[in-house]
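First comes the structure, then the notes that go with it.
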Amino acid sequence: VIAEMTGGGVDSSVECTGNINAMVSAFECVHD
Numbered sequence: 001v002i003a004e005m006t007g008g009g010v011d012s013s014v015e016c017t018g019n020i021n022a023m024v025s026a027f028e029c030v031h032d
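Sequential numbering of the sequence shown, starting at 1, is according to UniProt numbering.
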């Protein structure tokens, strides 16, 4: 499903559910 949605795959993946601060930090690290 992810390969179809993205046209081949993703560059990075982060799992940090349940902790909003961790989610924000992870997003800020990989966001262009």
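Glycine included, each C-beta is placed from N, C-alpha and C at the ideal position.
Inset, instruction - For CYS29, name the three-state secondary structure that DSSP assigns. - result: What you label residue 29 is simply residue 29 of the sequence shown in a count that begins at 1. The three-state secondary structure of CYS29, taken from DSSP, is helix.
Inset, instruction - Could you give the DSSP three-state label for ASN19: helix, strand or coil? - result: Working through the sequence shown from its first residue, we reach residue 19 at position 19. The answer is coil: DSSP assigns ASN19 none of H, G, I, E or B.
Inset, instruction - Compute the Euclidean distance between the alpha carbons of ASP20 and GLU28, then round it to the nearest angstrom. - result: If you number the sequence shown from 1, residue 20 lands on position 20. If you number the sequence shown from 1, residue 28 lands on position 28. The sequence given here has Ile at residue 20, not Asp. Those two C-alpha atoms are separated by around 12 Å.
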